[in-house]
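*Asks:* One structure is given below, represented as structure tokens, and several questions about it will come after.
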Amino acid sequence: MMKGKGFNLRKLVAMAIVLVLFAALVPMNFAAAEEAGHNSTVSGTGSGAELLNKYWMSNSKAAKGINDYLLAVTDENSSDYIPVKDRIAVFDLDGTLMCETYPFCFEYMVFADYALKHPETMPEDVLTVAQEIVDAAGGEKPSGMSTRQAAAAATAYKGMTMAELSKVVEDFKASEAWGFNGMTRGEAWYKPMVELFEKLQKNDFSVYVVTATERNIVRQIIAGTLDIPASHVIGTEYGYTATNQGDTADEDYTFRSDDQIVFDGSYHGENIKTCKVDAIVREIGQQPVLAFGNSSGDLAMEVYTITGNPYRSKAYMVMADDKEREYGDPDGAEEKKASYEKMGIDIISMRDDFRTIYGDGVTKDTMAPYQLEQVVVLSRHNLRAPLSSNGSVPQELTPNQWIKWTAKSSELTTKGGIQETNMGQYFRKWLDKEGLIPENSIPEEGEVRFNAREKQRCIATARYFASGMLPLADISVEYPTDSNKLEDFMKPTLKFYSEKYAADVMDQVKAMGGEAGFEGLSEETRDAIKLIMDTVDMEDSEIYKSGKYGDLLTDGSGYTMAADKEPEVTGAIKTASQVADALILQYYEEPDLKKADFGHNLTRSDWAKIGGLMTRYQQIKFGAPLVSVNISHPLIMELESELKNEKRKFSFLCAHDCTVFTTLCALGVKPYTLPDSIETNTPIGVKILFERWRDHDGQAWYRVNLVYRSTEQIRESEILSLDNPPKRYNLSFEGVETNEDGLISEEDLFSMFDRTLAEYDELYAKYTAETLDKAA
Numbered sequence: 202m203m204k205g206k207g208f209n210l211r212k213l214v215a216m217a218i219v220l221v222l223f224a225a226l227v228p229m230n231f232a233a234a235e236e237a238g239h240n241s242t243v244s245g246t247g248s249g250a251e252l253l254n255k256y257w258m259s260n261s262k263a264a265k266g267i268n269d270y271l272l273a274v275t276d277e278n279s280s281d282y283i284p285v286k287d288r289i290a291v292f293d294l295d296g297t298l299m300c301e302t303y304p305f306c307f308e309y310m311v312f313a314d315y316a317l318k319h320p321e322t323m324p325e326d327v328l329t330v331a332q333e334i335v336d337a338a339g340g341e342k343p344s345g346m347s348t349r350q351a352a353a354a355a356t357a358y359k360g361m362t363m364a365e366l367s368k369v370v371e372d373f374k375a376s377e378a379w380g381f382n383g384m385t386r387g388e389a390w391y392k393p394m395v396e397l398f399e400k401l402q403k404n405d406f407s408v409y410v411v412t413a414t415e416r417n418i419v420r421q422i423i424a425g426t427l428d429i430p431a432s433h434v435i436g437t438e439y440g441y442t443a444t445n446q447g448d449t450a451d452e453d454y455t456f457r458s459d460d461q462i463v464f465d466g467s468y469h470g471e472n473i474k475t476c477k478v479d480a481i482v483r484e485i486g487q488q489p490v491l492a493f494g495n496s497s498g499d500l501a502m503e504v505y506t507i508t509g510n511p512y513r514s515k516a517y518m519v520m521a522d523d524k525e526r527e528y529g530d531p532d533g534a535e536e537k538k539a540s541y542e543k544m545g546i547d548i549i550s551m552r553d554d555f556r557t558i559y560g561d562g563v564t565k566d567t568m569a570p571y572q573l574e575q576v577v578v579l580s581r582h583n584l585r586a587p588l589s590s591n592g593s594v595p596q597e598l599t600p601n602q603w604i605k606w607t608a609k610s611s612e613l614t615t616k617g618g619i620q621e622t623n624m625g626q627y628f629r630k631w632l633d634k635e636g637l638i639p640e641n642s643i644p645e646e647g648e649v650r651f652n653a654r655e656k657q658r659c660i661a662t663a664r665y666f667a668s669g670m671l672p673l674a675d676i677s678v679e680y681p682t683d684s685n686k687l688e689d690f691m692k693p694t695l696k697f698y699s700e701k702y703a704a705d706v707m708d709q710v711k712a713m714g715g716e717a718g719f720e721g722l723s724e725e726t727r728d729a730i731k732l733i734m735d736t737v738d739m740e741d742s743e744i745y746k747s748g749k750y751g752d753l754l755t756d757g758s759g760y761t762m763a764a765d766k767e768p769e770v771t772g773a774i775k776t777a778s779q780v781a782d783a784l785i786l787q788y789y790e791e792p793d794l795k796k797a798d799f800g801h802n803l804t805r806s807d808w809a810k811i812g813g814l815m816t817r818y819q820q821i822k823f824g825a826p827l828v829s830v831n832i833s834h835p836l837i838m839e840l841e842s843e844l845k846n847e848k849r850k851f852s853f854l855c856a857h858d859c860t861v862f863t864t865l866c867a868l869g870v871k872p873y874t875l876p877d878s879i880e881t882n883t884p885i886g887v888k889i890l891f892e893r894w895r896d897h898d899g900q901a902w903y904r905v906n907l908v909y910r911s912t913e914q915i916r917e918s919e920i921l922s923l924d925n926p927p928k929r930y931n932l933s934f935e936g937v938e939t940n941e942d943g944l945i946s947e948e949d950l951f952s953m954f955d956r957t958l959a960e961y962d963e964l965y966a967k968y969t970a971e972t973l974d975k976a977a
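Below, the structure is given as structure tokens:
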């Protein structure tokens, strides 16, 4: 609206028109209703109504009620029939048709985004409001924000043409929807409600959007989604002026050919509550027969729709009661539901009525209400060459030629280096997105740490990852050598040992095979071993024929231990696992499947069976609780120290699959199976992430998860990005509770570490005391 005395005069005239229309509306509509023979009987006979079905639950009470209504009011033979000219439906926007629960409605967020991106042109009070909105994300809406935001936004957009504001809105629509994965802001529409909107149009309803959001912004928001005339958008209004008008009042100024209409920095009150009723009467001139809203700001519009209406009318409130797919408040919704139903207003439940909210592929980002503060990574090295050189077990047990590797035995391959670099690039984007480490920044001293075992594959993995994550920083990777005397705290060897300890470990390992012990393990793994033998044509190998490795299908397996050494699985399971290791690495590296499986046409389930043997071998070797707590003790202490380092933002520790496995076992991880991977516990390049997040109330929470490439992402060398991320699997631990978002409290996380360390101390005291007693 234009400024000056003319505006005040027009407002008085508009109010008078409202009163006249109120007086005329009821008798006019009653007369139409009498012609239609209005009563409450529902009859669908003869109606060709378009009905809801696609996005609604099959047992949706709301959908059934709306469908029954449409059948009745569109059937000329029904006493509830409504002539086309009187079929008026009104919808609120935010929270009724599109997302507003996280963090706030579209209008708030587009304003905050624009203002904070243009601080040089914004008054200080505007920036203060914008920052307050961003800071409140994940919490409650600040008190009085509706009025302050509207005034600040009007100031922020001052001098813009409507086309320029439309571009700001359109650009923001393309941004990622906060709080969700797989959706942009412009896609954040409730699909069931959009279906309803469109079905009403197909049933010859004139449909309006009546909202508290500024109407020009709404017109751009709905572009491409809701097909209605611009005049069917009713909302809050900012003031306008002509570019050459200056301080001249509207009634004293004549628009010139070189003028443009721009926003003048004012706004004329929010279109909420009874203002919506005023606007409906003023701009539509008819009482609606259907109204849809979601909050107290829509209540007046809904009550007006169903009060004294000559036609059968209905009003609905959309309840944000879904906590799984949305940021709903079921308890609050239940309280509101009772009060609305008392007023004759029906309910649409997101939880109970919507088959989908935003469509397939869109998921709730449960971490959106939290701020990331620290990440500690424990990584397995990336792709390496196997021990398949002359004289090695894999080389001797096949007549076939293994592929030509791009690295020496046990060292990181070229593909492994590329994929680890790309993983670092993904982390660079992710950490920037979460606000922890800005992209292409150079960390301050002590903010990041990279450490690896002395093996080439571990050091190279750390360096490749660092180059991808921090390409401009000169990152040093720590690793132990004879000269620097750094502790090899990730060395997978026993830290204490005694004969009694060995006997107790042996009992735990045997128990993995059930009552049959090692024979049970042999029986369990026999089919996988046979598959491995067939895949490499082992029985055609001259060395295998010689009997050097025995008979892998009938020979048993065993387990040995020694002080300061890795435990060892012996016999058929170990030999088969060495060949399986080379096969899996060849499968990852070689694009040609016939070359990868030596022409045996293995299926994905066959490869999973081979991977399953590797997983079982690791479980037998390192999975006994007495073993995992013993081996991982120095690393558990190091991890806890990193997590308590207040300056540290990011830590990267790199070792082996057994390092990841024993750490998780020692901490009491619950059994898990990773999806989309033939290695279901610790696939190549897998990373444990210990992440510290802080909620809006200042409490620290931890997420512990595994990040890894799927088998296909490895084989196809897919480029990881925020749009094509690696797989992520959240872990849970025995005796450790989580909140509704799967996070562990800081107290419980460190209690878990301290429990594991105490368990080691108890075992050490028990078994070393027995050794000392025996020596005495």
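Under my numbering, read the sequence shown as residues 202 to 977, first letter to last.
Ideal Cβ placement from N, Cα and C applies to all residues, glycine included.
Being a predicted model, the structure only gives us computed values, none of them experimental.
Distance, Cα to Cα, Tyr-454 vs Gln-446?
*Replies:* 7 Å
*Asks:* Leaving aside the five residues before and after Thr-957 along the sequence, list all residues of the same chain whose C-beta is less than 6 Å from its C-beta, in chain order.
*Replies:* Ile-837, Ala-867, Leu-868
*Asks:* Quick check: does the Cβ of Leu-836 come within less than 7 Å of any heavy atom belonging to the ligand PLP?
*Replies:* What this structure holds is no ligand at all, so the ligand PLP is not there to describe.
*Asks:* So, at 6 Å on beta carbons, what are the nonlocal neighbours of Ala-516 in its own chain, with the 5 sequence-adjacent residues on each side left out?
*Replies:* Ala-492, Glu-503, Thr-506, Ile-507, Ile-546
*Asks:* Buried or exposed, going by whether 16 or more other CB atoms sit within 10 Å of the CB of Tyr-961?
*Replies:* buried
*Asks:* Compare the Cα-Cα distances from Asn-382 to each of Pro-926, Leu-932, Leu-964, Tyr-930 and report the closest residue.
*Replies:* Checked all of Pro-926, Leu-932, Leu-964, Tyr-930; the closest Cα to Asn-382 is Pro-926.
*Asks:* For the candidate residues Gly-812, Ala-809, Leu-814, Leu-784, whose alpha-carbon lies nearest to that of Gly-176?
*Replies:* As displayed, the chain neither begins before 202 nor continues past 977, which places residue 176 out of reach and without an answer.
*Asks:* Residues in the same chain with beta-carbon distance under 7 Å from Glu-396, minus the five sequence neighbours each way, listed in chain order, please.
*Replies:* Leu-253, Lys-255, Tyr-256
*Asks:* Exposed or buried, which one is Glu-308 when buried takes at least 16 other CB atoms within 10 Å?
*Replies:* buried
*Asks:* Check the DSSP bridge columns for Asp-295 and list the partner residues they point to.
*Replies:* Met-299
*Asks:* Can you tell me whether Leu-226 is helix, strand or coil according to DSSP?
*Replies:* Residue placement at Leu-226 is poorly supported in this model, since its pLDDT is 40, which falls under 50; the coordinates still yield a value, given next. If DSSP states are grouped into helix, strand and coil, Leu-226 belongs with the helices.
*Asks:* Within 10 angstroms of its Cβ, does Ala-777 collect 16 or more other Cβ (buried), or is it exposed?
*Replies:* When all chains shown are included, Ala-777 counts as buried.
*Asks:* In this structure, how does DSSP classify Asp-554 when only helix, strand and coil are distinguished?
*Replies:* helix
*Asks:* Out of curiosity, what's the CA-to-CA distance linking Thr-804 and Pro-876?
*Replies:* 17 Å
*Asks:* Measuring only the C-alpha atoms, how far is Thr-322 from Val-370?
*Replies:* 18 Å
*Asks:* In angstroms, rounded to a whole number, what distance separates the CA positions of Asp-987 and Thr-881?
*Replies:* Nothing can be reported for residue 987, as the shown portion of the chain is limited to 202 through 977.
*Asks:* When burial is assigned at 16 or more other CB atoms within 10 Å of the CB, is Gly-425 buried or exposed?
*Replies:* exposed
*Asks:* In the DSSP assignment, what residue or residues form a beta bridge with Lys-888?
*Replies:* Ser-580, Val-908
*Asks:* Taking Gly-360 as the reference, which of Gly-440, Val-463, Gly-824 has the closest Cα?
*Replies:* With respect to the C-alpha of Gly-360, the residue from Gly-440, Val-463, Gly-824 having the closest C-alpha is Val-463.
*Asks:* Could you tell me how far apart the beta carbons of Ala-148 and Met-691 are, in whole angstroms, since I believe they sit closer than 8 Å?
*Replies:* This structure gives no information on residue 148, because the portion of the chain shown stretches from 202 to 977.
*Asks:* How would you label Leu-923, buried or exposed, when you count the other beta carbons within 10 angstroms and need 16 or more for buried?
*Replies:* exposed
*Asks:* Could you spell out the range, first to last residue, of the alpha helix (DSSP H) harbouring Thr-682?
*Replies:* Looking at the DSSP string, Thr-682 is not in any alpha helix (DSSP H), and its letter there is neither H nor E.
*Asks:* At what residues does the beta strand (DSSP E) containing Lys-928 begin and finish?
*Replies:* Lys-928 -> beta strand (DSSP E) spans 928–931.
*Asks:* Strictly by DSSP, which residues pair up with Phe-426?
*Replies:* As written in the sequence, residue 426 is Thr, which differs from the Phe given in the question. Answer is none; Thr-426 lacks a bridge partner.
*Asks:* From Asp-683 to Met-310, what distance separates their C-alpha atoms?
*Replies:* 57 Å
*Asks:* So which of Ser-347, Asn-404, Ser-852 has the shortest CA-CA distance to Thr-412?
*Replies:* Ser-347
*Asks:* Roughly how many whole angstroms lie between the Cα atoms of Asp-689 and Ser-833?
*Replies:* 11 Å
*Asks:* Measure the alpha-carbon distance for Leu-213 versus Arg-416 and round it to whole angstroms.
*Replies:* Residue confidence for Leu-213 is low, a pLDDT of 37 falling below 50, so the modelled location carries little weight and cannot support an answer.
*Asks:* Relative to the C-alpha of Gln-787, which candidate in Thr-614, Gly-748, Ile-889, Thr-860 has its C-alpha closest?
*Replies:* Thr-614
*Asks:* Can you tell me which of Gln-602, Val-830, Ile-774 puts its alpha carbon nearest to the alpha carbon of Lys-987?
*Replies:* The structure shown has nothing for residue 987, since the chain only spans 202 to 977.
*Asks:* Could you compute how far the alpha carbon of Ala-667 sits from the alpha carbon of Ser-677?
*Replies:* 9 Å
*Asks:* Whole angstroms are fine: how far does the CA of Leu-579 sit from the CA of Ser-842?
*Replies:* Taking the Cα positions, Ser-842 is about 13 Å away from Leu-579.
*Asks:* According to DSSP, is Glu-377 part of a helix, a strand, or is it coil?
*Replies:* Reduced to three states, the DSSP call for Glu-377 is strand.
*Asks:* I'd like to check one pair, Gly-529 with Arg-556: are the Cβ atoms closer than 8 Å?
*Replies:* no
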